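Asks: Have a look at the structure that comes next, please.
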Amino acid sequence: MKKSVVSKEYQKLQKDIIELQEQWKTSLDPDCVRPNLDKAAMEAGVPVTALAVIDFDISLFLQWIEDIGGLLSKYQPEIETSMQSLKNLLDEETAKRWIDEAFAFNYIYFASFAEENDLDGWIPQFVAETALRPYLQLTAAKVQDEIHHGVHGAGCPVCGEPVRLAQLEGEGKKVVHCPRCSAHWNDRRIACSHCGNNDHETVKILTIEGESAAQIQICEECKGYTKVIDTRQYIVKPTPAMLDLNTIHLDFVAQEHGYKSAGETKQTN
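Everything in the sequence shown is counted per the working numbering, starting at -11 for the first residue and increasing by one.
Written as structure tokens, this is what we have:
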């Protein structure tokens, strides 16, 4: 595998964040997440989290935001003032709004929040998403045995994250992994994980020089791409989040060739 373009320091930060999220997740009461496995809704592409009953502990969520602020400040002392400002801005009502908007991938809301409060643009969304993930991961863990496949075009069947990462496992089976909630599901080896196109003439592979374990599956129909990593070649298998981060150079290559991490929906007349 090619050396990651992500700095060692940022990799270390991400590992620390993942460890923190794991601690947070284990501190949750398992019964705070009650999935509703509506088969019809799942077949229609509705993510499990959209129908799950999740009892968010707002005081805990606020504490996690404070925790992540401290960790970020440790790595980037220059943002310590911003993290303190953020702590002062957040109350229970704002935290509830953050949970809703993070669930909905509402980048515009968080960008506006940052601008209105003179914060770096990335901070609110990053912090909200980081604190939300333990709930998403707990949901995924609860329903994983029922998640066998995804609906092409709908993203992760648990949290709705757009597909961008798959692994080759076992006898070469293609398994899509979600870096956000850690759910995984099977997909056809020669099929676009966005639109389902399985025409070998229009579903192709971009190989990267020096990358024996990684390739990019591209689709000429929807212009989507999926990173496909042969983790059977790894001595230690990384988490989906770390694998996604350390293969970000593949995202750059795919996007430079005009492909997108979420395929385009074709309009029919």
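Don't be surprised by glycine CBs; every beta carbon is placed ideally from N, CA and C. From a predicted model like this one, the values you see are computed outputs, not experimental measurements.
Excluding the five sequence neighbours on either side, which residues of its own chain have a C-beta within less than 6 Å of the C-beta of Gln203, listed in chain order?
Replies: Ile193, Thr195 and Val216, listed in sequence order.
Asks: Is the Cβ-Cβ distance between Tyr213 and Ile206 less than 8 Å?
Replies: Yes, the Cβ-Cβ distance between Tyr213 and Ile206 is below 8 Å.
Asks: Candidates Val115, Gln72, Ser73 and Glu68: which alpha carbon is nearest Glu89's?
Replies: Answer by Cα proximity: Val115.
Asks: How about Pro112 and Val36: do their beta carbons lie closer than 8 Å?
Replies: In this structure, Val36 does not lie closer than 8 Å to Pro112 by Cβ.
Asks: Any idea what DSSP makes of Glu157, helix, strand or coil?
Replies: It is a strand residue.
Asks: Beta-carbon within less than 6 Å of Asn185's beta-carbon, same chain only, minus the 5 sequence neighbours each way: which residues are those?
Replies: These residues qualify, in order along the chain: Val191, Cys207 and Glu209.
Asks: Please classify Trp173: does DSSP put it in a helix, a strand, or coil?
Replies: Looking at Trp173 - three-state DSSP - the assignment turns out to be strand.
Asks: Ordered along the chain, which non-local residues of its own chain (more than five positions away) have a Cβ less than 6 Å from that of Cys166?
Replies: Closer than 6 Å at the Cβ level, and outside the excluded window around Cys166, lie Cys144 and Glu149.
Asks: At the level of alpha carbons, what is the spacing between Thr14 and His188?
Replies: Between Thr14 and His188, the C-alpha separation is close to 44 Å.
Asks: Taking just the CA atoms, how far does Lys162 sit from Ala32?
Replies: Distance between the alpha carbons of Ala32 and Lys162 is about 22 Å.
Asks: Is DSSP giving Asp212 helix, strand or coil here?
Replies: The amino acid occupying residue 212 in the given sequence is Gly; Asp does not appear at that position. The answer is strand: DSSP assigns Gly212 an E or B state.
Asks: Check the C-beta distance from Ser170 over to Pro228 and give it rounded, since I have them as a contact under 8 Å.
Replies: Indeed, because the Cβ distance is near 6 Å, the residues count as touching under 8 Å.
Asks: Does the stretch 130 to 139 touch the stretch 58 to 78, meaning 3 or more C-beta pairs lie closer than 8 Å?
Replies: Too few Cβ pairs lie closer than 8 Å, so no.
Asks: Compute the Euclidean distance between the alpha carbons of His245 and Glu199, then round it to the nearest angstrom.
Replies: Approximately 17 Å, taken between the alpha carbons.
Asks: Could you work out which residue in Arg152, Ile6 and Val151 is closest to Leu120 when comparing CA atoms only?
Replies: Closest by alpha carbon: Ile6.
Asks: Which first and last residues belong to the beta strand (DSSP E) in which Ile193 is found?
Replies: Val191 to Thr195 is the extent of the beta strand (DSSP E) around Ile193.
Asks: Could you check which residue in Asp79, Trp52 and Ala179 has the C-alpha nearest to that of Glu10?
Replies: Comparing Cα positions, the closest option is Trp52.
Asks: Taking the continuous beta strand (DSSP E) assigned at Ala201, which residues delimit it?
Replies: Per DSSP, Ala201 belongs to no beta strand (DSSP E) and is neither H nor E.
Asks: What is the rounded straight-line gap between the Cα of Arg176 and the Cα of Ala102?
Replies: Their backbone Cα atoms lie some 41 Å apart in a straight line.
Asks: Would you check if the distance between the CB atom of Gly138 and the CB atom of Val164 is smaller than 8 Å?
Replies: Yes; because the gap between Cβ atoms is below 8 Å, this pair is in contact.
Asks: Using only the alpha-carbon positions, how far apart do Ala83 and Gly160 sit?
Replies: Looking at the two C-alpha atoms, the distance is approximately 43 Å.
Asks: Give the single residue among Gln221, Leu124 and Pro65 whose Cα lies nearest to the Cα of Cys147.
Replies: Of the listed residues, the one whose Cα sits closest to Cys147 is Leu124.
Asks: Please report the straight-line C-alpha distance between Arg220 and Tyr63, rounded to a whole angstrom.
Replies: Cα-Cα distance, rounded: 33 Å.
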